[in-house]
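> Residue numbers (the numbering used here), protein chains in the order written: chain P, 309 to 655; chain B, 309 to 655. We put the CB at the ideal spot given by N, CA and C, even for glycine. Pasting a structure here, questions to come.
2 protein chains.
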Amino acid sequence: MTAQPHRAASGDKSGTAGASANRTEIESLTVAQAGERRVLAEILSRIPTGTPLLGPDDDAAIVAAPDGRFAVTVDTMIEGPDFRREWSTARQLGSKAVTTNLSDIAAMGAVPSALVIALAVPRDTRVSWVAEFADGVSAQLRRLAPGCGVVGGDLATAEHITISVTAFGDLQGRDPITRSGARPGDQIAVAGTLGRAAAGLHLLFRGEADPLTAVQLAPESPISAGVAAALAGATAMMDLSDGLLLDGDRMAAASDVALDFSRELLHTDIAPLAERFGPELAEQFVLGGGEDHSLLATFACDAELPRPFRRIGTVRPIGTVRQGCGTLVDGEPADPAGWDPFVGVTA
Amino acid sequence: MTAQPHRAASGDKSGTAGASANRTEIESLTVAQAGERRVLAEILSRIPTGTPLLGPDDDAAIVAAPDGRFAVTVDTMIEGPDFRREWSTARQLGSKAVTTNLSDIAAMGAVPSALVIALAVPRDTRVSWVAEFADGVSAQLRRLAPGCGVVGGDLATAEHITISVTAFGDLQGRDPITRSGARPGDQIAVAGTLGRAAAGLHLLFRGEADPLTAVQLAPESPISAGVAAALAGATAMMDLSDGLLLDGDRMAAASDVALDFSRELLHTDIAPLAERFGPELAEQFVLGGGEDHSLLATFACDAELPRPFRRIGTVRPIGTVRQGCGTLVDGEPADPAGWDPFVGVTA
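In structure tokens, the structure reads:
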């Protein structure tokens, strides 16, 4: 871990009037001009560190794991394959890096406890870009997981921006909610949007400015719904990053069941998109579109669904579908490969 | 976390004769040709997962933290600034990525418990390269930290190879050994090599094949010495990644003391390098050279040093040195900036 500024950094007095003037000056520099020490000080002044037992200025941070276990997930976003700087602001990227990782923690039924962030940027990146990225991280952490802070990190230079976040969660004494516990007869439910991130991506490719693009660029995952699901007895849960059918197929495989989604129950997701994009593309987005980072969960047939979960289908025995296909729509096998949200994009 | 192969991967039967033939075939493909699922299966078949409570095939892994806390550190290696593929084999890079991170965990007095790895490689990288990287990770984990496994990861494509490792450690009920506990009169001690990685880098720049280059390309950190130091009552400890004087200055600042290194005690480090490189460059390497990933620790003046620590100096009160300089050599202020191992390299 190299998130400690050099010794001289202890002389920085962030928050004083003098520092404000310096800050504006620093922000106009490139990271190569400002140097690692000053860029790190700039980041650390903006990001909540939470309450680790030992913070990011030693070889390693020490984080509490009150129930004797911790959940951990890692996800990387790379400029080019994962985002474009002409589409995403630094603030949106900071926000999305937090959301996608916290969503994986929430999907276990855990409460996010801490993050570490490895950030690499080109040498000519303005310090203001890094500062805005930190602001995006900070705002999203405060909104989605108050108390969860950044306990460590690594800052480097690279030709393309690379953001790797490792997130931790506390299970608070509960069993983790895995993908493998769905049982025939269970209700299938979702918390969060479906298809809206894919619709946003579609509009970005078409060059259209629209509020929907924000769902793609800075998704909002229902983080607290993860614990709500665990407390309500969810039998299985996962983060929706690659689309309802593809992720649903993974849950089906892990649980040795089939997931049967209902068009009628998905009507509230499909209808608003159909008005704008037509029924066919709307269904592609909702069934095949990824990156909403909503939570897919299953609950016993007689369970009362916790807010904000809504029912979207029913778990069936594995025998109801043909080999290799774990998802159905209205009882008919639905191959994830058949719902490709990029069909509309590349047409 | 996306370290789970798709559903069809469950049909893979690693370890059978049929799979061996397939493996050889797969290794000759590029990662783009083989696809994420097969590359992940190849990696997972080679890397120890340790004994997490829940492994890398769900949204997050669950790792035990028996004493209710965990140590965490993150470090990134990027092709170009941090390594060159013409110097480092994939196996050496896998080994080094493990070592540099475990060394930070050991420096807290913790026992490495688990890792997560985010790896990004160019699309035209051979699967055999990734497999050898995994073998390097695996071999080094088994050697330095038996029982510590890779519990999660993320695989992506990027223009330049990017390796980001987050490592965890268990304090086994002990207090972490920070950088801030050194007291005047304490013995300064080191476990591991000094200057040999810098000498290796010097030889690499000169294009010389030599066993010393292996210290730079795949350093060996004395991981178990971290716990030994904690049990022996070390007052402060840190990983040596940026050189004895620069890292020593950080410990001095954190502890509000000065570190006084002794040329006589450092003789066993300097002498063998002096025979080959001359006394001046040898001292540059030992005092200024980084990347040995040895452990620097302080112990009470009457403490018996645990193996393999050896004494290299004495902690002094802060008043003994001029402002802003926390390190001395034989009682004389030694500015870290004055010992630049690249002086010899670029000459």
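In this structure, does DSSP put P625(P) in helix, strand or coil?
Taking the first sequence and counting its residues from 1, one reaches residue 625(P) at position 317. Note: P625(P) maps to strand in three-state DSSP.
> So with CB distances below 7 Å, who are the chain B contacts of L361(P)?
As a first step, residue 361(P) must be located in the first sequence, where it is residue number 53. The answer, in chain order, is R377.
> According to DSSP, what are the bridge partners of D290(P)?
The first residue shown for chain P is 309 and the last is 655, placing residue 290(P) beyond what the model contains.
> Pick out whichever of A373(B), T465(B), G493(B) has its Cα sitting closest to the Cα of A426(B).
As a first step, residue 426(B) must be located in the second sequence, where it is residue number 118. Taking only the C-alpha atoms, the option nearest A426(B) is T465(B).
> What residues of chain B sit near M559(P), judged by a beta carbon separation below 7 Å?
Position 251 of the first sequence, counting from 1, holds the residue named residue 559(P). None at all; the shortest Cβ gap to chain B is about 10 Å.
> Taking all protein chains shown into account, do 16 or more other C-beta atoms lie within 10 angstroms of the C-beta of T606(B), making it buried, or fewer, making it exposed?
Translated into the one-based positions of the second sequence, residue 606(B) becomes position 298. Per the 10 Å Cβ criterion, buried.
> Whose CA, out of L362(B), A398(B), D483(B), G508(B), lies closest to the CA of G457(B)?
Within the second sequence, the letter at position 149 stands for residue 457(B). Of L362(B), A398(B), D483(B), G508(B), the residue nearest in Cα terms is L362(B).
> Do the segment 361 to 380 of chain P and the segment 473 to 489 of chain P make contact, defined as three or more Cβ pairs closer than 8 Å?
These segments touch.
> Strictly under 8 Å for the Cβ-Cβ distance: is D366(B) near chain P by that measure?
Looking up residue 366(B) in the second sequence gives position 58. Yes, D366(B) lies at the interface with chain P (some Cβ there is under 8 Å from its Cβ).
> Cα-Cα, which of G500(B), E394(B), T543(B) is closest to V523(B)?
Residue mapping note: residue 523(B) aligns to position 215 of the second sequence, counting from 1. If we check each option's Cα against that of V523(B), G500(B) comes out closest.
> With a threshold of 8 Å between beta carbons, is E599(P) in contact with chain B?
Within the first sequence, the letter at position 291 stands for residue 599(P). Taking Cβ atoms only, chain B never reaches closer than 8 Å to E599(P), which makes this a no.
> Would you tell me roughly how many angstroms separate the C-alpha atoms of W437(P) and M385(P), rounded to the nearest one?
The sequence position of residue 437(P) within the first sequence is 129, counting from 1. The sequence position of residue 385(P) within the first sequence is 77, counting from 1. Rounded to whole angstroms, W437(P) to M385(P) spans 16 Å at the Cα level.
> Locate the beta strand (DSSP E) running through R450(B), then write down its first and last residues.
Walking along the second sequence from the start, residue 450(B) turns up at place 142. From DSSP, R450(B) is part of no beta strand (DSSP E) but of the alpha helix (DSSP H) over 435 to 452.
> With a threshold of 8 Å, are at least 3 pairs of Cβ atoms found where one atom belongs to the segment 586 to 600 of chain P and the other to the segment 466 to 477 of chain P?
Result no; under three Cβ-Cβ pairs closer than 8 Å.
> Specify, as a first and last residue, the run of the beta strand (DSSP E) that D547(P) falls within.
In the first sequence, the residue the question calls residue 547(P) occupies position 239. Per DSSP, D547(P) belongs to the beta strand (DSSP E) from 544 to 548.
> Ends of the beta strand (DSSP E) at L361(B)?
Counting from one through the second sequence, the residue named residue 361(B) turns up at place 53. Run containing L361(B): none; DSSP gives neither H nor E here.
> Mind pulling the chain B residues with CB within less than 7 Å of V424(P)?
Mapped onto the first sequence, residue 424(P) falls at position 116. Here the neighbours are V380, V382, T474.
> At 4 residues or longer, what runs of the alpha helix (DSSP H) sit wholly inside the segment 547 to 582 of chain B?
Segments of the alpha helix (DSSP H) lying fully in the segment 547 to 582 of chain B: 552 to 563.
> Who are the neighbours of P374(B) on chain P, taking C-beta pairs under 7 Å?
Your numbering for residue 374(B) matches position 66 in the second sequence. Within 7 Å Cβ-Cβ: G376.
> Whose C-beta lies closer than 6 Å to the C-beta of V637(P) among residues of the same chain, with five residues either side of it excluded?
Translated into positions along the first sequence, residue 637(P) becomes position 329. Excluding sequence neighbours, V637(P) sits near F569.
> According to DSSP, is D383(B) part of a helix, a strand, or is it coil?
Stepping through the second sequence from its first residue, residue 383(B) is reached at position 75. Looking at D383(B) - three-state DSSP - the assignment turns out to be strand.
> Using the beta-carbon count (16 or more within 10 Å), is R624(B) buried or exposed?
On the second sequence, position 316 is the one that residue 624(B) refers to. Looking at its Cβ environment, which holds 16 or more other Cβ atoms inside 10 Å, R624(B) is buried.
> Please list the partners that G461(P) has in chain D, where partner means a Cβ-to-Cβ separation under 8 Å.
The structure shown contains no chain D; its protein chains are P and B.
> For I413(P), return the contacting residues in chain B, with the cut-off set at a CB-CB distance below 7 Å.
Position 105 of the first sequence, counting from 1, holds the residue named residue 413(P). In chain order: A368.
> I need the DSSP call for A490(P), collapsed to helix, strand or coil.
Translated into positions along the first sequence, residue 490(P) becomes position 182. Coil, per DSSP.
> Checking 8 Å against the spacing of the C-beta atoms, do D366(B) and T408(P) come in under that value?
Mapped onto the second sequence, residue 366(B) falls at position 58. Mapped onto the first sequence, residue 408(P) falls at position 100. The answer is no: Cβ separation not under 8 Å.
> Beta-carbon of T470(B) versus every beta-carbon of chain P: anything under 8 Å?
Mapped onto the second sequence, residue 470(B) falls at position 162. Answer yes: the Cβ-Cβ gap between T470(B) and chain P drops below 8 Å somewhere.
> Which whole-angstrom value is the C-beta distance of A379(B) and A418(B), which I expect to be below 8 Å?
As a position in the second sequence, residue 379(B) is number 71, starting the count at 1. As a position in the second sequence, residue 418(B) is number 110, starting the count at 1. 4 Å between Cβ atoms; contact.
> Mind pulling the chain B residues with CB within less than 7 Å of G477(P)?
The residue you call residue 477(P) lines up with position 169 of the first sequence. Those within 7 Å of G477(P) in chain B are A368.
> Given T433(B), which residues of its chain have a CB within under 7 Å of its CB, disregarding the five upstream and five downstream residues?
For the purposes of this step, residue 433(B) is identified with residue 125 of the second sequence, where counting begins at 1. Taken in chain order, the residues that qualify are T338, V339.
> Exposed or buried, what is A538(P) when buried is set at 16 or more other beta-carbons lying within 10 Å of its beta-carbon?
The sequence position of residue 538(P) within the first sequence is 230, counting from 1. So A538(P) ends up on the buried side.
> Tell me whether T521(P) is buried or exposed, calling it buried when 16 or more other Cβ atoms sit within 10 Å of its Cβ.
Here residue 521(P) refers to the residue found at position 213 when the first sequence is read from its first residue. Its Cβ being crowded by 16 or more others within 10 Å, T521(P) is buried.
> Give a yes or no on whether the minimum CB-CB distance between A466(P) and chain B is below 8 Å.
Counted from its first residue, the first sequence places residue 466(P) at position 158. Closer than 8 Å to some Cβ of chain B, the Cβ of A466(P) qualifies, so yes.
> Per DSSP, T338(B) forms a beta bridge with which residues?
If you number the second sequence from 1, residue 338(B) lands on position 30. R434(B), per the DSSP bridge assignment.
> Assuming G461(B) is part of the beta strand (DSSP E), what are its boundary residues?
Your numbering for residue 461(B) matches position 153 in the second sequence. Taken as a continuous stretch (DSSP letters only), the beta strand (DSSP E) holding G461(B) covers 457 to 465.
> Give me the Cβ distance between S421(P) and I355(P), rounded to the nearest whole Å; I'm assuming they're in contact under 8 Å.
On the first sequence, residue 421(P) is found 113 positions in, with the first residue counted as 1. On the first sequence, residue 355(P) is found 47 positions in, with the first residue counted as 1. No, S421(P) and I355(P) are not in contact; Cβ-Cβ is about 15 Å, not under 8 Å.
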